[in-house]
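Residue numbers for the sequence shown follow our numbering, beginning at -15 and rising by one.
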Amino acid sequence: MVNVIEKKVWPEFFEELESCERGIEVRINDFIVNPGDTIVFREFNPVKDDYTGRKVSRVVQEVKKVDLTRFYKLEDIKDKGVLLIGLGDKK
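Written as structure tokens, this is what we have:
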């Protein structure tokens, strides 16, 4: 069964989702999502604490759950953050 999931997204990231520049999305694992599902991203202005009315839908291609503490120390994750790198074709 294909699900439609709504999530809020801040304006700076909405633009990247709308133009398809953003190919990776990071979320807390607090909902069920599978390949083929559709996520409707609703633009949310955190300053006004309200939705702008704009939305864009993207189809989920892949979902990976990762325990970063398996690979890195928690203090390093907190201090330095994490990079998500989208890779293109092999050169």
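C-beta: ideal position from N, C-alpha, C; glycine also. Fair warning: this is a prediction, and the values are worked out from it, not measured in the lab.
{"Asked": "Coarse secondary structure for glutamate -10, derived from DSSP in three states", "Found": "strand"}
{"Asked": "Proximity winner among Ser41, Lys(-9), Thr53, Lys32, relative to valine 10 (alpha-carbon distances)", "Found": "Lys(-9)"}
{"Asked": "Helix, strand or coil at isoleucine 23 according to DSSP, with G and I counted as helix", "Found": "strand"}
{"Asked": "Three-way DSSP call (helix, strand, coil) for phenylalanine -2 in this model", "Found": "helix"}
{"Asked": "Every unbroken beta strand (DSSP E) within the region 9 to 64, with a cutoff of 3 residues, ordered by chain", "Found": "22 to 29, 34 to 43"}
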